Structure formats: C-alpha cells, structure tokens
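Chemist: Take a look at this one; I'll ask things after.
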Amino acid sequence: MKKQLLLGAFLMASMFTAKAQLSEDFEGTAFPPEGWTVETTNPDATWERFTGNNSIGGTGSAGVGYDFDQDESLISPSFNLAGANPVLTFNILMGYTWGVNPNNNYDVIVSVSNDGGTSWDQVWDESELGVFTDYDIIPVTVQLAAYSGDDIKIKFEYVGNDGDVLIIDDIAVVACAVPSGFSYLDPAPSLTAVNIGWDAPAGSPEGYQFEYGPRGFTQGGAGSMIINPTLPAANLTDLDPSTIYDFYVRTHCGGDDYSEWIGPVSFATLFDAVTPPYNTSFEENNLDFVGWIDGTDPDAGVEPWGVNVAVEGDATVQDGANSLFTFAPTNLDSNAWLLSRGINLTGGSQVTVSFWARNLLGQGATGSASYNLTVGNAQNAAAQTTNIATENDLSSTTFVQKTYTFSPATSGVYYFGINNISPSNPNAQVLLVDNFSVTEILGTKDVLASQLSIFPNPATNVINITNADNILVNGVVIADLNGRTVKSAKFDGVAEAQVNISDLANGMYMMTVSSDKGTMTKKIVKN
Numbered sequence: 001m002k003k004q005l006l007l008g009a010f011l012m013a014s015m016f017t018a019k020a021q022l023s024e025d026f027e028g029t030a031f032p033p034e035g036w037t038v039e040t041t042n043p044d045a046t047w048e049r050f051t052g053n054n055s056i057g058g059t060g061s062a063g064v065g066y067d068f069d070q071d072e073s074l075i076s077p078s079f080n081l082a083g084a085n086p087v088l089t090f091n092i093l094m095g096y097t098w099g100v101n102p103n104n105n106y107d108v109i110v111s112v113s114n115d116g117g118t119s120w121d122q123v124w125d126e127s128e129l130g131v132f133t134d135y136d137i138i139p140v141t142v143q144l145a146a147y148s149g150d151d152i153k154i155k156f157e158y159v160g161n162d163g164d165v166l167i168i169d170d171i172a173v174v175a176c177a178v179p180s181g182f183s184y185l186d187p188a189p190s191l192t193a194v195n196i197g198w199d200a201p202a203g204s205p206e207g208y209q210f211e212y213g214p215r216g217f218t219q220g221g222a223g224s225m226i227i228n229p230t231l232p233a234a235n236l237t238d239l240d241p242s243t244i245y246d247f248y249v250r251t252h253c254g255g256d257d258y259s260e261w262i263g264p265v266s267f268a269t270l271f272d273a274v275t276p277p278y279n280t281s282f283e284e285n286n287l288d289f290v291g292w293i294d295g296t297d298p299d300a301g302v303e304p305w306g307v308n309v310a311v312e313g314d315a316t317v318q319d320g321a322n323s324l325f326t327f328a329p330t331n332l333d334s335n336a337w338l339l340s341r342g343i344n345l346t347g348g349s350q351v352t353v354s355f356w357a358r359n360l361l362g363q364g365a366t367g368s369a370s371y372n373l374t375v376g377n378a379q380n381a382a383a384q385t386t387n388i389a390t391e392n393d394l395s396s397t398t399f400v401q402k403t404y405t406f407s408p409a410t411s412g413v414y415y416f417g418i419n420n421i422s423p424s425n426p427n428a429q430v431l432l433v434d435n436f437s438v439t440e441i442l443g444t445k446d447v448l449a450s451q452l453s454i455f456p457n458p459a460t461n462v463i464n465i466t467n468a469d470n471i472l473v474n475g476v477v478i479a480d481l482n483g484r485t486v487k488s489a490k491f492d493g494v495a496e497a498q499v500n501i502s503d504l505a506n507g508m509y510m511m512t513v514s515s516d517k518g519t520m521t522k523k524i525v526k527n
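Note that full-length UniProt numbering has the sequence shown beginning at 1, numbered continuously upward.
Written out as structure tokens, the structure reads:
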C-alpha cells in the first residue's frame, strides 16, 4: 500500500485555478454566474446555487435537486482553449445508489461545443467514476486536447427521473494540468534516499520540474535542487538522515508551456536511532516526521494510530498541541500498534519509559482502555517480543503519567511499542497518548566506557587512551580471546596513556583499563 503525502497548507481547489482559461467556484451570490446560462425542462428542480452545508467548497456550489422528468443544463461562456494538453477539472458529489447501481435513475453528462452551442460532443459521464460511495466529493479531470485552439463552451447536464442530488464546484480549464496524488514509492525511505511518485495529469506531458530542499526552503534560493524527470517519479539520494524536506513540482507540457508549481509537499528520510534521554510530544502532523510509525495490520479491521492535531491547552493533549490516538473498534477487540523510532540502549542499564495516557469516552460510552507496552529489535509488530507491562484498566478520563522500567540484556537499537488491546465498544472510545520519554541509567562500567576514548581501533602500532573527565589511568592489560595475558602496562595515575601493540599478532583482543574510577574492558583489533 502506497503511503500518501499531503500538500502542506494547500487547498485542492487552488491546484487547478491558477492560469485557468475558465474558472468558476460559485462564490458570487448571482446565479447563474456572469456569462453562464441555464437550460431547463423542469423549473421546479433545476440548476441553482447551493450554500451552507449543501456547498462542497467555499460558501457556494452549483447543484440540482431531484424530481421527475428532468433535463437540466448549466452552460459556460465561450472561451478560446489554449495549450497542447488542456484539461477540465471539477469536483462532483452525487448519489451512487440512485444514479448508478442498483437504481440508474439519473445521468450526469459533460459535453463540449466548438460551434457556439449548435452541436455538442459528450466528453464525460458519471460511469467514468467507477464504484464510489454515496455523496463523496470526487475530483474529476477531463482531457480536452481534441479541441485545442477552438472557441468552446462546456455543458454540465443532469438528465433524470426521480434521481438524486447533484452538486459540482471548483470548475477550471487549464492549458497544462498539475500533478497530484503524491506518495512514497518502493523501496521505502532510507536514511539518505527517498523515492516519490505522483499521478500523471491527463494528456501527454513531456516531463516535470521537481525542486526540493530542507523544509521551509525558498524556491530558487540556496540549498534547493531542481531535477527534470520525464516520468512521474523522483528518486532522491544523498539526503540527510532524520530530516524533513519539502518539494515543489510542475508539469512540462512542451516548449515553454508549464503548469503552476504545486507545493510545498513535505517528506522525510528515515530517522536514525537516538541516544537517551529522549522525549517527543508528537508536534508534527505526520508520525514519520518524528520517526514513529503506525504498525497496525491494515487487514486486521481495527482503527490505526493517528495524530490528533489540536491546540495547546486542549483537553485531548497533555503537552504541546498534538497527541496520538486510536479508536476502540465497535465490533472486535483492538490490536493497533504504535511503534517508536529506534533508541540506542546499553546492555545491563536501567531504562525508564514514561508517557501520558487518557481514556476518552464519547457521549453515552463507558469502559476502560487497555494496552501493552512492548520492546523489540525492529520497527514492526512482529519484532515486539518483550512485554514490559500490561495496563488492563485505564479508566482515567484525564491524562495520567505511566512509568515503567526494564533492563536490556545486550546493547543495541531498540523500538518501543504501545499495543492498544482495548475491548470492542459500541460507542466512541479513544486511547490517547502524549509526551513520551526514555531515560537510561548506566552501570559503573558502562559510564566509564562512555567517558574513555580508545583509538585508533583497529590499530597497527599504538593505541591511545584519553578522556575529558579527569579519570586517572593506572594500568592496561591486554588478553587474547582465550583469556591469556599478552601485554600489560602500568601508569602512575595519568589522564592520557599510550600502549604499543606493534609486537602483537594480528587479531582480536580484549583490553582492560584500570583507573581511579574503576575498570572497563573493550574489544580491540590489531591489524
């Protein structure tokens, strides 16, 4: 399943209206708009301006109610159609049940005339929508290249008998259509590479211009890169890990004919493992922009984890303006997985995990939330093999802090999981999580190892021991892998020491350093 990328602060309607040869959003109170005409056979149910909750964009839309014996047309003014690949775009809302299946009681037809309205060519009807849900708002794109260079009119026609409602909005004709439908392509984002694809607009574009840079960059400014792919995809390399980027893209329709730029659209490289102390309150609108993922099985039939975008001080957040949430299903127990970014942990250390959680109940709902806190060695549900704790009765309807500890057996990268296991609830019930922290207390040897620098490693002649914490080195013992001492050296409490290993055979050894703070052992390699 492709993961969609969303336009940042960009309205769908605005994607098509720039450079439009025809543009109508029905925001004016006059209807039909200037230059448009209505032809009707049933004046009691014909085209009119819909407002309020009946509008599908802005404050007004054009629509037709249903009745018997209708053939109602809304016709645009005449205009010259420029460009090699012009397209018509609009948004539509209609009923599937009464318009397609099982009741084919009305049709929606789009036609074009290039002779002033004397004759009309049908270029689209509702059958091209395929299967859809009643009253969904659906964007439509219609290719008009056959009429390029002509003076044309466009007709939106409702033909029905006891059909259903029709609403259209955001009509535009552009010479070169913009790309849309941005998503990550396989392979998935890595630390330094991301593949992004999009839906090619109607027509036959020659290619695209794609500009990208760190989030918030200025187009054409320092730090941005422009590439010119011929296919609707951009393969980006040499990126920085754990970084959010923006991109802009436009279609090249040939010669000097370009669409408007679309953007910014944000994307991120894979987040590298972080070393404690670590904290996040999820102040990004995408989970992957903080390195986390929803690991819920898409075929499980349960609600996934998502970002609750609120405001500071809202009751659904504990810190900042965002939190994470997942609903309890109405007909089966939950099994939704939330997985953290990688965290570097030291074997034998004491790790403390804390976060704030809340049981949010809708009107009339009762019940407690339940979850498991787990840890594993990969960012997927299958790898969450260690259960740290189970909460079976989170009943608090305000945020409460939950704190847990565990000790990793070995050093490495670990991923924490919060697995919502709340029972089914016929009413609305939500598990909220916010302000997640990980801290680590190292053992004495681990602290010492982190403070002493031993280099180079591998080494050929000498190994240096330094530190910036006033640790005084008293001695060094080097043993082979059988435990036999092969070299030792004594020092009189020095902050820096050097050991000559040029006489040792090539291979792996264990070097133990004794100091006034204790001892530590580190693996070294002689080349």
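From the three backbone atoms N, C-alpha and C, an ideal C-beta is built for every residue, glycine too. As the structure is a prediction and not an experimental result, all values here were calculated from the model.
Assuming Glu39 contacts Ser73 (C-beta within less than 8 Å), just tell me the rounded distance between them.
Modeler: About 4 Å separates the two Cβ atoms, so the contact holds.
Chemist: Does the segment 222-233 come into contact with the segment 260-278, if we say contact requires no fewer than three beta-carbon pairs (one atom in each stretch) closer than 8 Å?
Modeler: Too few Cβ pairs lie closer than 8 Å, so no.
Chemist: Below 7 Å CB to CB, which residues in the same chain sit around Ala315 once its five sequence neighbours on both sides are set aside?
Modeler: Excluding residues within five positions, none has a Cβ falling inside 7 Å.
Chemist: So, are the CB atoms of Asp134 and Gly95 less than 9 Å apart?
Modeler: Closer than 9 Å, so yes.
Chemist: Leaving out five residues before and five after Ile421 in sequence, what residues of the same chain have Cβ atoms less than 7 Å from its Cβ?
Modeler: The answer, listed in chain order, is Asp333, Ser334, Asn335, Ser370, Tyr371, Asn372.
Chemist: Name the DSSP bridge partner or partners of Arg215?
Modeler: According to DSSP, Arg215 bridges with nothing at all.
Chemist: Nearest to Gly437 by alpha carbon, out of Val274, Ala378, Ile92?
Modeler: The sequence given here has Ser at residue 437, not Gly. Cα-wise, what sits closest to Ser437 is Val274.
Chemist: Closer than 8 Å by C-beta to Phe355: which residues in its own chain qualify, once you throw out the five before and the five after it? Chain order, please.
Modeler: Same-chain partners within the cutoff: Gln401, Lys402, Ile418, Val433, Asp434, Asn435, Phe436, Ser437.
Chemist: Classify Met1: buried if its beta carbon has 16 or more other beta carbons within 10 angstroms, exposed otherwise.
Modeler: Note that Met1 scores a pLDDT of 40, beneath 50, so its modelled location is shaky; the value from the coordinates is reported in the next line. Label assigned to Met1: exposed.
Chemist: Can you pull the DSSP bridge partners for Phe267?
Modeler: DSSP output for Phe267 lists Tyr245 as bridge partner(s).
Chemist: I need the straight-line Cα distance from Tyr414 to Ala268, nearest angstrom please.
Modeler: The straight-line gap from Cα to Cα measures roughly 21 Å.
Chemist: Hey, Thr466 and Ser453: beta-carbon distance below 9 Å or not?
Modeler: Against a cut-off of 9 Å, the Cβ pair of Ser453 and Thr466 comes out as a contact.
Chemist: Within 10 angstroms of its Cβ, does Arg49 collect 16 or more other Cβ (buried), or is it exposed?
Modeler: The residue in question, Arg49, is buried, as its Cβ has 16 or more Cβ neighbours within 10 Å.
Chemist: Do Ser407 and Val473 have their beta-carbon atoms positioned less than 9 Å apart in this structure?
Modeler: No, the pair does not count as a contact, with Cβ atoms beyond the cut-off.
Chemist: Would you mind working out which of Gly63, Thr460, Tyr212, Thr218 sits nearest Met225, comparing C-alpha positions?
Modeler: The shortest Cα separation from Met225 among Gly63, Thr460, Tyr212, Thr218 belongs to Tyr212.
Chemist: Taking its Cβ as the centre, do 16 or more other Cβ atoms sit within 10 Å of Pro189, making it buried, or is it exposed?
Modeler: Buried.
Chemist: When you compare only the Cα positions, how much space is there between Glu27 and Leu81?
Modeler: Cα to Cα, the separation comes out at about 24 Å.
Chemist: What is the rounded straight-line gap between the Cα of Tyr147 and the Cα of Thr218?
Modeler: The alpha-carbon atoms of Tyr147 and Thr218 are separated by roughly 37 Å.
Chemist: Within its chain, find whatever has a CB closer than 6 Å to the CB of Thr439; leave out the 5 residues flanking it on each side and keep chain order.
Modeler: Around Thr439: Pro276, Pro277, Thr352.
Chemist: With H, G and I counted as helix, E and B as strand and the rest as coil, what does DSSP make of Phe26?
Modeler: In the structure shown, Phe26 sits in coil (DSSP, three-state: anything other than H, G, I, E or B).
Chemist: Buried or exposed: which applies to Met511, given that a residue is buried once 16 or more other Cβ atoms fall within 10 Å of its Cβ?
Modeler: Its Cβ being crowded by 16 or more others within 10 Å, Met511 is buried.
Chemist: How about Pro214 and Trp198: do their beta carbons lie closer than 9 Å?
Modeler: Against a cut-off of 9 Å, the Cβ pair of Trp198 and Pro214 comes out as no contact.
Chemist: Do Ser368 and Leu394 count as a contact pair if the criterion is CB distance below 9 Å?
Modeler: Cβ atoms of Leu394 and Ser368: closer than 9 Å.
Chemist: Between the alpha carbons of Asp238 and Asn195, how many angstroms are there, rounded?
Modeler: Using only the alpha carbons, I get a separation of about 12 Å.
Chemist: With distances taken from CA atoms, which of Phe132, Asp272, Asp299 is nearest Val290?
Modeler: Residue Asp272 is the option with its Cα nearest to Val290.
Chemist: Quick check on this structure: which residue in Gln143, Ile137, Lys153, Gly63 has the alpha carbon closest to the alpha carbon of Leu22?
Modeler: Out of Gln143, Ile137, Lys153, Gly63, Lys153 has the C-alpha closest to the C-alpha of Leu22.
Chemist: Once DSSP output is grouped into helix, strand and coil, what is the label at Tyr66?
Modeler: In the structure shown, Tyr66 sits in coil (DSSP, three-state: anything other than H, G, I, E or B).
Chemist: Thinking C-alpha only, which one of Val499, Ile167, Glu496 is nearest Ala45?
Modeler: Here the closest residue by C-alpha is Ile167.
Chemist: With DSSP collapsed to three states, give me the class of Gly60.
Modeler: The answer is strand: DSSP assigns Gly60 an E or B state.
Chemist: Figure out for me which residue from Glu206, Gly306, Pro304, Asp297 has the closest Cα to the Cα of Asp257.
Modeler: Ranking the options by Cα distance to Asp257, first place goes to Glu206.
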